[in-house]
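Notes for the one structure printed next.
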Amino acid sequence: MISIVLMLALIAAAVVAPRFFGGRLPTIAGLAVRAGCIVLALFFLVSTSFINVPADKVGVIRKIYGGRTLEVGRVIAADGETGFQARILTPGFHFSPAVTVINAIELLPMVTVPTGFYGRIVTLDGDPLPEGQIMADAWPDAIFQSMLDAEYFMKNHGQKGLQASILKPGRYPLNLDLYQIKIGYAVNGKDQTTNDDEVYDFRGRTVEKSPLDTSITKIPAGFVGVVRSTISEKGKICTETQAATDADGLSAKLVPPGCKGIWSVSLQPGDYYLNKDAYDVIAVDTRVQALEFKGGYTRRYIDLAIDSKGDIVQSPRAVQMPVDPKSSDDAVTTKVEGWEVPQELRAQIQVKPENAPIVVAAVGTLAEIEKRIIIPGIRSIVRNVAGGQITVTEKGPDGTDVTATRPVRVLDLVNQRPALEAEVLRLVEIDARRAGVDVKEIRYGEAAIPPELLVARQREQLAGQLRAAYVQEQVAQEQRQKTEQARATADQQSSLVTAQIAVQVAKQNEERQAANGRAERRFLEEQAAGQQAQTNVLGKDSVLQLNQLKLILDLLGQHPEILKGLPMPSTLVVGSGGLEGPAAMLAQSLGMGGAAKPAAK
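Quick look at the structure:
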């Protein structure tokens, strides 16, 4: 403004200066003064006619002179009215005569939206929203960039207030007298530790704290996103449909994507830039979930032990089984044959992706489904099955397999577990299907069977084990004795070998002597036979004499020294030619008989 006053003063001085100095100064001096005033006036004019906008700024114009008054209720001038102008000065050099004289220009920062976040848009001017509409219509993609131009926005019926459209990551030269941009940062425990939000408006860039979160919507793998929309896209045909999980299952009204309500189509895993003021996305876990029913009861035991006498001794004890509320539910208390038996089990369930919108619309989150439908249903069915009938195949009196249906017994919780699991799974699947959930399996855990029912079996097993241990110990003792005997035998091996050899030698001598005896006996038998034959021919007396002579001859053969010094016989013996004569002579020589007697002729 001062520049304009000075410029006008210089122009006035240039006009009147020659006349003011006319009679006193030369004409050339007056011309020089006029020229100087004009040059100075032009300098002040030029200095108010250009502006240089830095690369990270925009120039926001507020017209002061030369325009008509804005309409009542308007904030932004789109047709040259006085006030905040829709047109802005982008980064660079701008020239316009007396631009800074008739306008107030303020340099404001460009809007910068970081990666992973979006900018929430609120416009301070525009057409009013229709009755019942809480948010301005989303801008079509074809004109999105144009709608960021305030002049285009005002002339093409942009709506005032909170916009359904958002700014994705990037830098934007916006007229912050029209657009207010807010970027909300929520504490995530990682890179973002505060909720200091960025606000871009006519004040520039400021920081404030608010619960606003403008981070992108992330649907992780294994999940789907069910969208609950508070707006409908302009021109969208929105017809509600009644959808159901099963013939008699959960049902809910759904709408096509882009309409107000719960969308019939879920968002698949990925990242989405959705305006959280317009869209509430519920992530539904479609992975297999495990439900634990464990703990929350007192488990009793009867321990068996063997005392020093070898008798079985019983001792009771109790253990409190805790429950973890973060990961499991209490064990199901069943009643079988009048006994209360806590039954632990594990169920695996899964929400079908196509049923996720129905589940959310009819019940809520998966946690609500579990709490209000699945868990109560499983507990009820497990109790009913335990107190009902069971079809089993057992051995009959004749040893053949017999299939029969009978009431469930307590020990069936151990012996017939697969049959009970199959029956519970069959019934739970029916209930779960109605809720849009698939039950993959039911697995029984340990049943807290009263120890009084098990002690007889345990005693029998322990007695059998003791019996087997006794038999095994006997076998071990016998084996030890054999080992000791083998060790002693090895130590006396040389003596045993000598004894065995002596036994074998004795046996051989015995066999040899027996053989000699048999040979001698045969010889004597043969000799006796020959002598008998000889006796039969010669007579007994002759044979006797012959044998005697043979013995004498054998003796003389062995001892010839007997014949030395013996006198020769002088007796003549005449006989019949037999042995009588020689025998008599021999006997006479040896002095064994009297005088020889002649034999008869």
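For what it's worth, my numbering labels the leading residue of the sequence shown as 1, then goes sequentially. Yeah, the Cβ is synthetic: ideal placement off N, Cα and C, and Gly gets one too. Computed from a predicted structure; not experimentally measured.
Straight-line Cα distance separating residue j from residue i
| i | j | result |
| --- | --- | --- |
| A448 | R299 | 6 Å |
| P26 | S96 | Residue confidence is low: P26 scores 49 on pLDDT, short of 50, so the model does not pin down where it sits. Its coordinate-derived value is still stated next. About 39 Å. |
| V99 | V53 | 13 Å |
| M135 | G66 | 36 Å |
| K253 | E421 | 36 Å |
| K326 | E354 | 28 Å |
| D271 | K182 | 20 Å |
| L556 | G517 | 28 Å |
| S495 | Q481 | 21 Å |
| P257 | W263 | 5 Å |
| Y279 | G119 | 15 Å |
| D491 | V475 | 24 Å |
| R521 | Q485 | 47 Å |
| L70 | Q145 | 26 Å |
| E240 | E106 | 51 Å |
| C238 | C259 | 6 Å |
| K236 | V281 | 20 Å |
| I231 | K57 | 34 Å |
| I76 | L89 | 15 Å |
| V360 | Y152 | 41 Å |
| R512 | S542 | 37 Å |
| G310 | Q477 | 19 Å |
| V402 | I369 | 42 Å |
| E510 | Q493 | 25 Å |
| K190 | P269 | 22 Å |
Residue i and residue j closer than 9 Å at C-beta
| i | j | result |
| --- | --- | --- |
| T333 | V341 | yes |
| D125 | G436 | no |
| M83 | R74 | Note that residue 83 is Gly in the sequence shown, not Met. Their beta carbons are under 9 Å apart, which means G83 touches R74 by this criterion. |
| L466 | I302 | no |
| A186 | P220 | no |
| A283 | F202 | no |
| L108 | G59 | yes |
| V288 | Q192 | no |
| V199 | L274 | no |
| A615 | M154 | Here the chain has residues from 1 to 601 only, and residue 615 is not among them. |
| R87 | A150 | yes |
| W293 | Q348 | This sequence places Phe at residue 293; Trp is not what is there. Going by C-beta atoms, F293 is not nearer than 9 Å to Q348. |
| I381 | D412 | no |
| I442 | V424 | yes |
| V111 | R171 | yes |
| A659 | I375 | With the chain covering 1 to 601 only, the question about residue 659 has no answer from this structure. |
| K352 | D438 | yes |
Which listed residue (the options) has its alpha carbon closest to that of residue i
| i | options | result |
| --- | --- | --- |
| R383 | V360, V410 and R372 | V410 |
| Q180 | N195, Q192, G170 and K160 | K160 |
| V363 | L250, N156, M110 and E452 | L250 |
| P407 | Y172, I183, G388 and I102 | G388 |
| L178 | V281, I61 and V255 | I61 |
| A419 | A404, V392, I430 and D398 | V392 |
| Q133 | L162, R512 and E561 | L162 |
| D197 | V439, V207 and K190 | V207 |
| N188 | S232, D127 and G116 | G116 |
| D127 | D137, F144, L148 and G158 | G158 |
| I64 | I102, Q532, K57 and E473 | I102 |
| A318 | T483, P451 and Q242 | P451 |
| F50 | L549, I38 and H94 | H94 |
| I166 | L176, L148, Q85 and P173 | L148 |
| F434 | A519, R372, H559 and R457 | Checking the sequence shown, residue 434 turns out to be Arg, not Phe. Cα-wise, what sits closest to R434 is R372. |
| T123 | G170, N175 and A244 | N175 |
| E394 | P376, N415, I374 and I375 | N415 |
| K276 | P91, I121, K190 and Q545 | I121 |
Assumed close pair residue i, residue j - CB separation to whole angstroms, cut-off 8 Å
| i | j | result |
| --- | --- | --- |
| T217 | G225 | 7 Å |
| G445 | L345 | 5 Å |
| S229 | G184 | Contact doesn't hold; Cβ gap of about 20 Å is too wide. |
| V428 | I358 | Going by Cβ atoms, the distance from V428 to I358 rounds to 19 Å, so no, they are not a contact pair. |
| K168 | V255 | With 8 Å as the limit, K168 and V255 do not qualify as a contact, their Cβ atoms being about 26 Å apart. |
| M321 | G295 | 5 Å |
| A386 | V336 | 5 Å |
| L304 | L462 | 6 Å |
| A164 | D137 | 6 Å |
heavy atom of the ligand ADP below 8 Å from residue i C-beta
| i | result |
| --- | --- |
| Y185 | No copy of the ligand ADP occurs in the structure displayed, which carries no ligand at all. |
Margin query: Ignoring anything shorter than 3 residues, give me the beta strand (DSSP E) runs that lie fully in the stretch 325 to 353, in order along the chain.
Written below: Counting whole runs of 3 or more residues, the stretch 325 to 353 contains the beta strand (DSSP E) stretches 332 to 336 and 339 to 351.
Item checked: Start-end ranges of the beta strand (DSSP E) lying completely within the stretch 249 to 279, minimum 3 residues -> List check, beta strand (DSSP E) in window: 251 to 254 and 270 to 272.
Notebook entry, point to check: Considering only residues of the stretch 38 to 106, which uninterrupted alpha helix (DSSP H) runs meet the minimum length of 4 residues and lie entirely inside it, listed in chain order?
Noted result: Segments of the alpha helix (DSSP H) lying fully in the stretch 38 to 106: 99 to 102.
Note to self: In chain order, what are the residue ranges of uninterrupted alpha helix (DSSP H) at least 4 long that sit wholly in the stretch 364 to 428?
What the structure shows: Listed in chain order, they are 366 to 369, 375 to 386 and 412 to 415.
Note to self: Please give the ranges of any alpha helix (DSSP H) in the stretch 129 to 186, keeping only runs that are unbroken, at least 4 residues long and fully inside the region.
What the structure shows: 144 to 147 and 150 to 155, all fully within the stretch 129 to 186.
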